[in-house]
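Numbering (my numbering), first residue to last: 3 to 229.
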C-alpha cells in the first residue's frame, strides 16, 4: 500500500456542496459518463451493470460513498462504463432498460442522483425488476427528472444504440484475457486496473478511502505500485 498524506492547496477550488452540483457529461468516446472536476488528480473509471448485486454492495456499503466524497472535494473524478451483459446471462431486459434510463437522466443533468437511487433500490438480480414502470417510479425520487422527454426516452428505449455501444466498450475493456469484459464492478484508477484478487479493496470503505487519498498525494507511486 502507498504511504503519505496529502495537503489541500490554499488556492484549491471550493468543494461541490452536493451531488446535484457535480458536473456530468458524456465523454468524447460516446460511452463513458464523466462526473466531477476533470482536473482532479485521481480518475476512477468504474465498470458496472445495474443488475449486478456486487455493484450494489460497492455503491451502497463499499467504497462508493468515499469516492463520492473525494469527487465532491475535487480530489477525484469518476467515470462510468455501463454494461448490460446480465440480461443475456439471466434473461430479461432490466440491465438494458436501466442503462437507457441512466443515459436519459444524463440528458437531464440528473445522472448522479438517479444512479444513486437505482442502486439504493436495486431489485433482486434474478427478478429482472427494472421495468419501465419501476424505473419511472424511482425517477420520481429525483427532483426535476420526470418530464415528458425523460418519460418518453424510458418507454421507447431512445438510447438503445448507447446501451449497445456501452456494452461493447465494456467487453473491449477486458482485452484478450477477458473478451467478455473485466467483470463488475471493476475499477481502473489513473489508467491502472485493480486486479481481481485485490477487489476486496472496493468493499472496505476505510481502505478504499485511504487508497484514494494516497494516490491523490503521490500519484507517481501508484503508477509504480505492483498490487
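For glycine and all other residues, C-beta sits at the position ideal for the given N, C-alpha and C.
1) Taking the alpha carbon of residue 115 as the reference point, which residue from 149, 70, 95, 126 has its own alpha carbon closest?
2) Scan the segment 148 to 174 and note each continuous alpha helix (DSSP H) run of 4 residues or more that stays entirely inside, going in chain order.
3) CA-CA distance, residue 84 and residue 45?
4) So what's residue 178 in DSSP terms, helix, strand or just coil?
5) What residue from 194, 210, 98, 205 has the CA that sits closest to residue 1's CA?
6) Mark residue 142 as exposed unless 16 or more other C-beta atoms lie within 10 angstroms of its C-beta, in which case mark it buried.
7) With 16 as the cutoff for other CB atoms within 10 Å, does residue 77 come out buried or exposed?
8) Ordered along the chain, which non-local residues of its own chain (more than five positions away) have a Cβ less than 7 Å from that of residue 209?
9) Just to confirm my understanding: we take residue 72, look at its own chain, exclude 5 residues before and 5 after, and list those with CB closer than 6 Å. What are they?
10) Suppose the cutoff is 6 Å on Cβ atoms and the five residues either side in sequence are ignored; what does the same chain contact list for residue 132 look like?
Answer, in terms of the structure:
1) As a working mapping, residue 115 is identified with position 113 in the chain shown. Relative to the Cα of residue 115, the nearest Cα in the group 149, 70, 95, 126 belongs to 70.
2) Whole alpha helix (DSSP H) segments, 4+ residues: 150 to 158.
3) Along the chain shown, read from residue 1 onward, the residue named residue 84 stands at position 82. Along the chain shown, read from residue 1 onward, the residue named residue 45 stands at position 43. So the alpha carbons of these two residues sit roughly 17 Å apart.
4) Taking the first residue of the chain shown as position 1, residue 178 is located at position 176. DSSP places residue 178 in coil when its eight states are reduced to three.
5) Because the chain spans 3 through 229 in this model, residue 1 falls outside it and cannot be assessed.
6) Numbered from 1 along the chain shown, position 140 holds the residue referred to as residue 142. With fewer than 16 other Cβ atoms from the protein chains shown falling within 10 Å of its own Cβ, residue 142 counts as exposed.
7) Against the chain shown, residue 77 aligns to sequence position 75. By the neighbour-count rule (16 or more Cβ atoms within 10 Å), residue 77 is buried.
8) To locate residue 209, count along the chain shown from 1; it is residue 207. Closer than 7 Å at the Cβ level, and outside the excluded window around residue 209, lie 203.
9) Indexing the chain shown from 1 puts residue 72 at position 70. Closer than 6 Å at Cβ, skipping near neighbours: 78, 214.
10) Numbered from its first residue, the chain shown carries residue 132 at position 130. Hits under 6 Å: 96, 99, 100.
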